[in-house]
Amino acid sequence: MAFRLNYTTFVGVMQWTDRIRQVKIVLVVTAIVIAVASLVVSHLLVKDLQREERNKMEVWAQAMQTLQEAEENTDLALVLSVIQGNKTIPVIVLDHDGQVMDYRNVDIRKMDSARYVSDYGHRMYNAGHYIQIGDSIDYQLVCYDESTLLKRLSQYPYWQLGIVMIFVVVAIFALLSSKRAEQNKVWVGLSKETAHQLGTPISSLMAWVEILKENYPDDDLIPEMNKDVKRLELIAERFSKIGSLPEPVDASMNEVLAHVTDYMDRRTSKKVEITTNMPDEDVIVKINASLFEWVVENLCKNAVDAMEGSGKIDLTLLDEGSRAIIEVKDNGKGIRKKDLKNVFKPGFTTKKRGWGLGLSLAKRIVEEYHKGRIYVKSSEVGVGTTFRIEMPK
Numbered sequence: 001m002a003f004r005l006n007y008t009t010f011v012g013v014m015q016w017t018d019r020i021r022q023v024k025i026v027l028v029v030t031a032i033v034i035a036v037a038s039l040v041v042s043h044l045l046v047k048d049l050q051r052e053e054r055n056k057m058e059v060w061a062q063a064m065q066t067l068q069e070a071e072e073n074t075d076l077a078l079v080l081s082v083i084q085g086n087k088t089i090p091v092i093v094l095d096h097d098g099q100v101m102d103y104r105n106v107d108i109r110k111m112d113s114a115r116y117v118s119d120y121g122h123r124m125y126n127a128g129h130y131i132q133i134g135d136s137i138d139y140q141l142v143c144y145d146e147s148t149l150l151k152r153l154s155q156y157p158y159w160q161l162g163i164v165m166i167f168v169v170v171a172i173f174a175l176l177s178s179k180r181a182e183q184n185k186v187w188v189g190l191s192k193e194t195a196h197q198l199g200t201p202i203s204s205l206m207a208w209v210e211i212l213k214e215n216y217p218d219d220d221l222i223p224e225m226n227k228d229v230k231r232l233e234l235i236a237e238r239f240s241k242i243g244s245l246p247e248p249v250d251a252s253m254n255e256v257l258a259h260v261t262d263y264m265d266r267r268t269s270k271k272v273e274i275t276t277n278m279p280d281e282d283v284i285v286k287i288n289a290s291l292f293e294w295v296v297e298n299l300c301k302n303a304v305d306a307m308e309g310s311g312k313i314d315l316t317l318l319d320e321g322s323r324a325i326i327e328v329k330d331n332g333k334g335i336r337k338k339d340l341k342n343v344f345k346p347g348f349t350t351k352k353r354g355w356g357l358g359l360s361l362a363k364r365i366v367e368e369y370h371k372g373r374i375y376v377k378s379s380e381v382g383v384g385t386t387f388r389i390e391m392p393k
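Numbering (my numbering), first residue to last: 1 to 393.
Below you can see the structure in the form of structure tokens.
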């Protein structure tokens with residue numbers, strides 16, 4: 001019953017993770033569609049406004065030409081109305097020698113206004129924003145720039161794109177935070193429930209062992225049974241600590257690795273050789289020894305599975321002053337490069353049996369509880385894998 005409950009909970013977490021991944025994809029795709037649509041629509045609007053302003057400037061240039069060619073009795077009311085009606089588009093009129101003859105809607109609050117207007121006019125001409133009036137010899141150039149409204153509209157889609165991207169980033173961050181909080185609740189519930197469910201049968205087994213000791217004091221198997229019961233008790237204790245924040249205390253990392261080596265030696269095949277390389281002096285680190293032993297045990301068990309019951313495991317402990325380094329190296333089948341980024345994700349496993357929680361729990365214990373770091377230092381298919389743990393001292 002407990003197994004079924006925990007397995008159902010675990011499956012629920014995996015389904016929630018998949019939904020989060022799907023929502024992230026939908027958000028990104030939606031943002032891309034909105035951005036592309038906005039850019040396309042804005043581009044079309046800008047093109048329409050550019051054509052409209054070009055038409056206005058052609059009319060304005062014709063009005064200037066009419067004004068210059070007008071006789072004394074010509075009614076110039078309409079012409080002047082057209083010329084004075086331009087209050088938004090910057091215009092600079094240059095003669096055929098490039099000298100400024102007139103300008104409108106140009107900000108001349110500069111130290112050298114005459115030079116500024118001349119340079120501005122030539123920039124308009126070089127950009128192709130000009131209309132030639134007059135004959136081919138004594139001509140003038142009506143140079144114009146985009147209006148302030150058109151410039152703002154040109155920049156608008158990029159501002160909109162930035163806002164959409166910020167929204168997507170915030171939404172994804174909120175989803176990830178929600179997923180992480182949900183996972184934390186599930187981890188706590190799963191761990192507490194497992195520890196609770198293990199408590200009753202362990203207590204019963206401890207009582208039966210005591211009865212067996214009284215009735216069969218000379219039996220050699222009873223001490224071994226008692227060791228297994230103690231082991232179950234330790235596992236239940238570990239699960240109960242996963243569901244809370246255990247207080248780290250000063251502990252010898254040498255002793256932790258020695259305990260793991262002793263346990264693995266008794267629980268693995270004789271074909272698996274486990275060697276340790278540790279400094280003579282104790283490396284003292286603030287840890288929860290019980291949980292940290294679980295981390296190294298998980299790495300060793302994965303190494304045994306990778307070697308398929310035959311090979312060598314090297315446990316190395318290094319003291320680098322401000323931190324302690326633990327490396328677990330095996331000569332197993334290795335990890336494919338495409339799987340390296342997934343090895344610590346809940347549910348990922350290459351084994352036919354298993355939930356894929358071992359390395360995920362190991363990462364949680366090392367990084368969240370002990371503020372350390374765990375990662376795959378190196379791995380090569382057919383050669384082996386080295387996991388590295390870095391712990392602050």
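Cβ coordinates follow ideal geometry from the N, Cα and C atoms, glycine included.
Close Cβ partners of residue i (< 7 Å) along its chain, the five nearest in sequence each way excluded
| i | result |
| --- | --- |
| Ala303 | Ile313, Val328, Asp330 and Gly332 |
| Val168 | Leu27, Val28 and Ala31 |
| Asp102 | Val93 |
| Tyr156 | Ser42 |
| Gly382 | Lys333 and Gly334 |
| Glu58 | Ile131 |
Residue j beta carbon less than 8 Å from that of residue i
| i | j | result |
| --- | --- | --- |
| Met64 | Ile83 | yes |
| Tyr120 | Leu141 | no |
| Val438 | Pro90 | Nothing in the structure corresponds to residue 438, since the chain is present only between 1 and 393. |
| Gly334 | Gly372 | no |
| Phe292 | Val343 | no |
| Leu198 | Ile172 | no |
| Val229 | Ile202 | yes |
| Val117 | Ile131 | no |
| Ser147 | Thr88 | yes |
| Lys345 | Ser322 | no |
CB-CB length for residue i against residue j, believed under 8 Å
| i | j | result |
| --- | --- | --- |
| Val209 | Met225 | 6 Å |
| Leu297 | Val260 | The amino acid at residue 297 is misidentified as Leu; the sequence shows Glu. Indeed, because the Cβ distance is near 6 Å, the residues count as touching under 8 Å. |
| Ala324 | Lys393 | 6 Å |
| Leu67 | Cys143 | So it is not a contact: roughly 17 Å between Cβ atoms. |
| Ala362 | Leu317 | About 17 Å separates the two Cβ atoms, so there is no contact after all. |
| Thr415 | Phe239 | What is shown of the chain runs 1 to 393, which leaves residue 415 out entirely. |
| Ala70 | Leu78 | Contact flag wrong, Cβ pair sits at about 11 Å. |
Three-state class that DSSP yields for residue i in the structure shown
| i | result |
| --- | --- |
| Phe10 | Summary for Phe10: the model assigns pLDDT 48, below 50, so the residue's position carries little reliability; its value from the coordinates is reported in the next sentence. If DSSP states are grouped into helix, strand and coil, Phe10 belongs with the helices. |
| Gln68 | helix |
| Asp420 | Outside the shown range of the chain, which is 1 to 393, sits residue 420, and nothing can be said about it. |
| Met278 | coil |
| Pro90 | coil |
| Leu76 | coil |
| Gly85 | helix |
| Asp107 | coil |
| Gln395 | Given that the chain is displayed from residue 1 to residue 393, the structure contains no residue 395 and the question cannot be resolved. |
| Asp173 | Correcting the residue identity first, residue 173 is Phe in this sequence and not Asp. Phe173 falls in the helix class under three-state DSSP. |
| Glu233 | helix |
| Met206 | helix |
| Asp95 | strand |
| Ser379 | strand |
| Met391 | strand |
| Ala324 | strand |
| Val343 | coil |
Residue closest to residue i, alpha-carbon to alpha-carbon, out of the options
| i | options | result |
| --- | --- | --- |
| Asp97 | Lys338, Asp138, Lys345 and Arg152 | Asp138 |
| Met278 | Val272, Glu247 and Asp319 | Asp319 |
| Gln50 | Arg388, Phe239, His122 and Gly128 | Gly128 |
| Val164 | Leu39, Gln62 and Ser379 | Leu39 |
| Glu273 | Val381, Glu247 and Leu315 | Leu315 |
| Tyr369 | Val295, Ser322 and Lys337 | Val295 |
| Lys341 | Val366, Ile365, Ser379 and Gln22 | Ser379 |
| Thr85 | Glu53, Asp75 and Ser178 | Rather than Thr, the amino acid found at residue 85 in this sequence is Gly. With distances taken between Cα atoms, Gly85 lies closest to Glu53. |
| Ala35 | Arg336, Gly162, Pro217 and Ala61 | Gly162 |
| Thr276 | Asp262, Thr268 and Ser269 | Asp262 |
| Arg269 | Met307, Glu237, Asn215 and Lys338 | The residue you asked about is not Arg; residue 269 is Ser in the sequence shown. Ser269 has its Cα closest to that of Met307, out of Met307, Glu237, Asn215 and Lys338. |
| Leu176 | Ile374, Ile25, Ile365 and Asp145 | Ile25 |
Sequence-distant residues of its chain with Cβ nearer than 8 Å to residue i (five each side left out)
| i | result |
| --- | --- |
| Val46 | Leu150, Leu153 and Ser154 |
| Lys271 | Gly309, Ser310 and Gly311 |
| Lys377 | Glu327, Thr386, Phe387 and Arg388 |
| Ile284 | Asp250, Ala251, Ser252, Met253 and Lys393 |
| Asp265 | Ile274 |
| Ile287 | Pro248, Val249, Ala251, Met253, Val256, His370 and Met391 |
| Arg336 | Val381 |
6 Å CB neighbourhood of residue i in its chain, flanking five on each side removed
| i | result |
| --- | --- |
| Gly134 | Gln140 |
| Gln160 | Ser38 |
| Asn215 | none |
beta-carbon residue i near the ligand NAP non-hydrogen atom, thresh 7 Å
| i | result |
| --- | --- |
| Tyr139 | This structure does not include the ligand NAP; it has no bound ligands of any sort. |
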